[in-house]
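Residue numbers (my numbering): 455 to 846. Don't be surprised by glycine CBs; every beta carbon is placed ideally from N, CA and C. This structure is a prediction, so every number in the text was calculated from the model and none was measured. A short worksheet on the structure shown next.
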């Protein structure tokens, strides 16, 4: 920052009309800043966040650990913002005492730094034609040449155009012949030993993992990052609160520090489907039916004895398959000998117990097949996203 200069601007725009930015989080590091978003059309400004530097020793690294306003603030760049936008920074000289500042050697006090909070992407469209109908009239220049490929008009940019995807149940490259194939991306055996299997207080069981060689497919790689001196498990831009291999769910939140709720669909090759600001995502091992998956034993996910394949349907279509321990067994069906039997009796849930639970706004639900008569332990879960009950 320059002496005597209080206001700074920074512009963001895509590299060309074929491109658009994806959703990301921008971390802004610096001392005593008010940050605004500037509408390029109306030139009106909207406050985004503020940084302050109290009278204490603080470095850029320390500020970025939490990025909650002390030397660093952040905001989500969502689809609600146009592709091209501008940020305005107002530096408030004199907020921090001169004596404290004179002792600082960190660049935090002398510059404004902007970094991607993780998961930033650039999206693109084919824009030589206005839409799929127009593109398919000229087959010599049509991009979706792969078998089992489809054309989509759902533009990810602010311009017209189209893109190509593989048909439902297929994955790969739709722009080349035979580029779309049935899902073959699952590796049932980790290639690395001594994998880290926790992040903070959250377990990271296989098929998920943190290090290379510790996850079953690249879509299942998670990131353990330090925030405010504590470990936080991240899945792209989402903060993972719970990962459940038995139910096939990931409970996550979108770390929007402004607190705004919005509709969200997260999908990596259609292996994950979820909705909301605080939500539970379904996940599957592969986009295959159980019959297809079992034909390829080298890529079949349900490797534990006493495990079984379960078909998973989404709200709109079939997603794929996941694994589950057979009735009478609990554990991780994705690892060798992961499903273990347990013959402890569990009491039946009485109507009185259910009444008390309903009055406290919780629902106790025992998974299908786990009853006292089955001679297995009945582990009950508190559900926040759906209610499943049976009588009889």
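What is the rounded straight-line gap between the Cα of residue i and the Cα of residue j?
| i | j | result |
| --- | --- | --- |
| residue 845 | residue 597 | In this prediction, residue 845 scores a pLDDT of 35, lower than 50, which makes its location untrustworthy; the coordinate-derived value is nonetheless stated afterwards. One C-alpha to the other measures close to 54 angstroms. |
| residue 467 | residue 539 | 7 angstroms |
| residue 808 | residue 701 | At residue 808 the pLDDT is 36, less than 50, meaning the model places this residue with poor confidence; the figure from the coordinates comes in the next sentence. Their backbone Cα atoms lie some 22 angstroms apart in a straight line. |
| residue 632 | residue 602 | 8 angstroms |
| residue 495 | residue 522 | 30 angstroms |
| residue 644 | residue 595 | 42 angstroms |
| residue 563 | residue 583 | 49 angstroms |
| residue 614 | residue 581 | 6 angstroms |
| residue 768 | residue 504 | 41 angstroms |
| residue 461 | residue 520 | 25 angstroms |
| residue 617 | residue 511 | 51 angstroms |
| residue 637 | residue 501 | 45 angstroms |
| residue 546 | residue 480 | 21 angstroms |
| residue 472 | residue 589 | 15 angstroms |
| residue 641 | residue 698 | 19 angstroms |
| residue 782 | residue 795 | 6 angstroms |
| residue 530 | residue 490 | 13 angstroms |
Contact defined as beta carbons within less than 8 angstroms: I believe residue i pairs with residue j. What is the distance between those atoms, to the nearest angstrom?
| i | j | result |
| --- | --- | --- |
| residue 514 | residue 567 | 7 angstroms |
| residue 600 | residue 586 | Not really, about 15 angstroms apart at Cβ, beyond 8 angstroms. |
| residue 791 | residue 758 | 6 angstroms |
| residue 482 | residue 508 | Going by Cβ atoms, the distance from residue 482 to residue 508 rounds to 17 angstroms, so no, they are not a contact pair. |
| residue 736 | residue 773 | 7 angstroms |
| residue 657 | residue 577 | 33 angstroms between Cβ atoms; not a contact. |
| residue 647 | residue 661 | About 16 angstroms separates the two Cβ atoms, so there is no contact after all. |
What are the start and end residues of the beta strand (DSSP E) that includes residue i?
| i | result |
| --- | --- |
| residue 464 | 461-466 |
| residue 541 | 539-545 |
| residue 693 | 692-698 |
| residue 530 | 526-531 |
| residue 795 | 793-795 |
| residue 706 | 703-707 |
| residue 578 | 576-578 |
| residue 475 | 473-475 |
| residue 903 | No statement about residue 903 is possible, as the shown extent of the chain runs from 455 to 846 and does not include it. |
Since residue i is in the alpha helix (DSSP H), which residue starts that stretch and which ends it?
| i | result |
| --- | --- |
| residue 520 | 514-520 |
| residue 588 | 586-590 |
Within its chain, find whatever has a CB closer than 6 angstroms to the CB of residue i; leave out the 5 residues flanking it on each side and keep chain order.
| i | result |
| --- | --- |
| residue 492 | 499, 540 and 542 |
| residue 575 | 476 |
| residue 653 | 678, 685 and 687 |
| residue 813 | Low confidence applies here, because residue 813 scores a pLDDT of 34, under 50, leaving its location unreliable; read the following figure in that light. So the list is empty, once near-sequence residues are dropped. |
| residue 544 | 461 and 488 |
| residue 663 | 649 and 669 |
Can you give me the Cβ contacts of residue i inside the same chain, cut-off strictly under 8 angstroms, excluding the 5 residues immediately before and after it?
| i | result |
| --- | --- |
| residue 762 | 756, 777, 778, 779, 780 and 787 |
| residue 775 | 738, 739, 740, 742, 743, 744, 747, 755, 763, 764, 765 and 766 |
| residue 849 | The structure shown does not extend to residue 849, since the chain spans only 455 to 846, so no value can be given for it. |
| residue 789 | 659, 660, 757 and 758 |
Which residues in the same chain as residue i place their Cβ atom closer than 7 angstroms to its Cβ, once the five residues preceding and following it in sequence are excluded?
| i | result |
| --- | --- |
| residue 626 | 620, 633, 634 and 635 |
| residue 565 | 455 and 484 |
| residue 689 | 676, 704 and 706 |
| residue 555 | Here the model assigns residue 555 a pLDDT of 49, short of 50, so the residue's position is not dependable, and the following value carries that caveat. For residue 555, where only same-chain residues beyond five positions count, the Cβ hits under 7 angstroms are 563. |
| residue 465 | 540 |
| residue 847 | This structure cannot speak to residue 847, because the chain is shown only from 455 to 846. |
- Item | Residue ranges of each beta strand (DSSP E) within the segment 603-679, 3 or longer | 603-606, 617-620, 624-626 and 634-636
- Please go through the segment 742-790 and give each complete beta strand (DSSP E) segment of 3 or more residues, from N-terminal end onward. 761-767, 772-779 and 783-785
- Query: Taking the runs of the beta strand (DSSP E) that are 3 residues or longer, which of them lie wholly in the segment 477-516?
  - Reply: 478-483, 487-492 and 499-505
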